[in-house]
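In full-length UniProt numbering, the protein residues as written are 1 to 106.
A virtual CB, placed ideally from N, CA and C, is assigned to each residue, including glycine.
Accompanying notes for the structure given below.
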Amino acid sequence: MPTIAVTDASFEADVLKSDKPVLVDFWADWCGPCKMIGPSLEEISEEMAGELTIAKVDIMENTDVAAKFGVQSIPLMVLIKNGEVVAHKLGAAPKSQIKSWIESVI
């Protein structure tokens, strides 16, 4: 399953009320490290399709959600399970590290 784009309007339904864990990737088009991890997140999304949803939130277009989560630096990945934040990871990392981090939390 590919990553999904989430907006301020869809965040509650797509993320907080999801029946499986959701990794929220806070990013922006101008962010080089965000672009670096994008392909890895797409691959992880396909590999973990039954276990996890990966949602992308453009902080420039969705300021309410970004403010609610206190996003000050990107890329920021927040893992949400049953509507609650269970972990977060700041900065870019290789795919293997991102996937290991996800698997250790969910």
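Cβ pair residue i, residue j closer than 8 Å
{"i": "alanine 13", "j": "methionine 60", "result": "no"}
{"i": "valine 65", "j": "aspartate 8", "result": "yes"}
{"i": "isoleucine 54", "j": "leucine 23", "result": "yes"}
{"i": "valine 6", "j": "valine 57", "result": "yes"}
{"i": "alanine 87", "j": "isoleucine 37", "result": "no"}
{"i": "serine 73", "j": "leucine 52", "result": "no"}
Where residue i falls, given that 16 or more other Cβ within 10 Å makes a residue buried
{"i": "leucine 16", "result": "exposed"}
{"i": "alanine 67", "result": "exposed"}
{"i": "aspartate 19", "result": "exposed"}
{"i": "asparagine 82", "result": "exposed"}
{"i": "valine 85", "result": "exposed"}
{"i": "proline 21", "result": "buried"}
Member of the options whose CA lies at the smallest distance from the CA of residue i
{"i": "isoleucine 44", "options": "Lys89, Trp30, Met1", "result": "Met1"}
{"i": "lysine 99", "options": "Trp30, Glu47, Phe26", "result": "Glu47"}
Expected contact under 8 Å - CB spacing of residue i and residue j to nearest Å
{"i": "proline 94", "j": "proline 33", "result": "12 Å between Cβ atoms; not a contact."}
For residue j and residue i, the rounded distance between their alpha carbons
{"i": "phenylalanine 11", "j": "leucine 41", "result": "19 Å"}
{"i": "leucine 79", "j": "tryptophan 30", "result": "23 Å"}
{"i": "valine 25", "j": "phenylalanine 69", "result": "Just to set this straight, residue 25 is aspartate in the shown sequence, not valine. Cα to Cα, aspartate 25 sits roughly 12 Å from phenylalanine 69."}
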